[in-house]
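Count along the sequence shown from 1, then add 1326; that gives the number in the numbering used here. Ideal placement from N, C-alpha and C gives every residue a C-beta, glycine not left out. Just so you know, these numbers come straight off a predicted model, no measurement behind them. Comments concern the structure below.
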Amino acid sequence: MKKAIVIGASSGIGRELAKILAGKGYRVGVMARRVDLLNSIRNEIKGELLVQKVDAMDTETAMGILSSFIKEMNGVDLIVISAGTGDVNDNLNWSIEHDTIRTNVTGFSAFANVAIQHFIEKRAGHLVGISSIASLRGGRESPAYNASKAFESNYMEALRQKITWLRLPIIVTDIKPGFVKTGMAKGEGIFWAAPADKAAMQIYNVIKRKKTHAYITHRWRFIAWLLKVIPARIYERL
1327 MKKAIVIGAS SGIGRELAKI LAGKGYRVGV MARRVDLLNS IRNEIKGELL
1377 VQKVDAMDTE TAMGILSSFI KEMNGVDLIV ISAGTGDVND NLNWSIEHDT
1427 IRTNVTGFSA FANVAIQHFI EKRAGHLVGI SSIASLRGGR ESPAYNASKA
1477 FESNYMEALR QKITWLRLPI IVTDIKPGFV KTGMAKGEGI FWAAPADKAA
1527 MQIYNVIKRK KTHAYITHRW RFIAWLLKVI PARIYERL
């Protein structure tokens, strides 16, 4: 039986992906701050579910908790980092920017560090990080969010390069969702917003095919291409 940990499984993509993995025969461990929501997943799946509370902003403690959880499960094959935060911040409220950085930059890299160290030790594994299409360009409505997602993508690329250099069969997958119908889908102009369960199923298929990059849903590849080719002098006026 394969084993997986989903970090940030209390809602949205993480929750739906945990349910899919359980349905596909994985032994699943779920982590988040809201333990009551994690426990409620048991009513929606068959089989065992391991639950562990963790707070991404309490970095040092979170790293120790993840390490202990991995040991409790006697090692795992897959770790998904879906924990994240983001908010519209037109007024550049520093508390919003700071929380975003603490969660999406410091917290993400802390979880990824523990995960990749575990996979290097066992000489196999699959790390999946949920970044965002927002990682491709800066965003005036949420500067720290876009920048933090760019950090996540860059960090995963660095880990992938390291693993290639070590010549180990470890996969690092960067998932870049567009709009998904979750609590983080805020602001005006929301379009092509996919249900979380549809997005999660596409992510599962990416995991199964061991791909290193994917846009979710797939049609966001066109938006990604467009974002990459728009000249800065035009983009800055949008």
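{"Item": "Segment limits, alpha helix (DSSP H) that includes Pro1469", "Value": "Pro1469 to Leu1492"}
{"Item": "Minimum C-alpha distance to Ala1522 - residue among Ile1529, Val1506 and Tyr1530", "Value": "Val1506"}
{"Item": "Contained alpha helix (DSSP H) runs [length at least 4] in the segment 1536 to 1560, N- to C-terminal order", "Value": "1546 to 1555"}
{"Item": "Distance between Asn1430 and Thr1543 (C-alpha atoms, nearest Å)", "Value": "21 Å"}
{"Item": "Option nearest Met1399 by Cα separation, candidates Asn1531, Ile1446, Arg1353 and Ala1526", "Value": "Arg1353"}
{"Item": "Test item: CB-CB of Tyr1471 and Gly1412 under 7 Å", "Value": "yes"}
{"Item": "Residue span of the beta strand (DSSP E) that contains Leu1375, given as start and end", "Value": "Leu1375 to Lys1379"}
{"Item": "Assigned exposure category for Trp1584 - 16 Cβ within 10 Å defines buried", "Value": "Not covered by the structure: residue 1584. The range shown for the chain is 1327 to 1564."}
{"Item": "Selected residue, minimal CA-CA separation from Ile1529, among Ala1520, Ala1519 and Ala1540", "Value": "Ala1540"}
{"Item": "Three-state class that DSSP yields for Arg1353 in the structure shown", "Value": "strand"}
{"Item": "Neighbourhood of Ile1496 by C-beta distance below 6 Å, restricted to the same chain and skipping five residues each side", "Value": "Phe1445, Gly1451 and Ile1489"}
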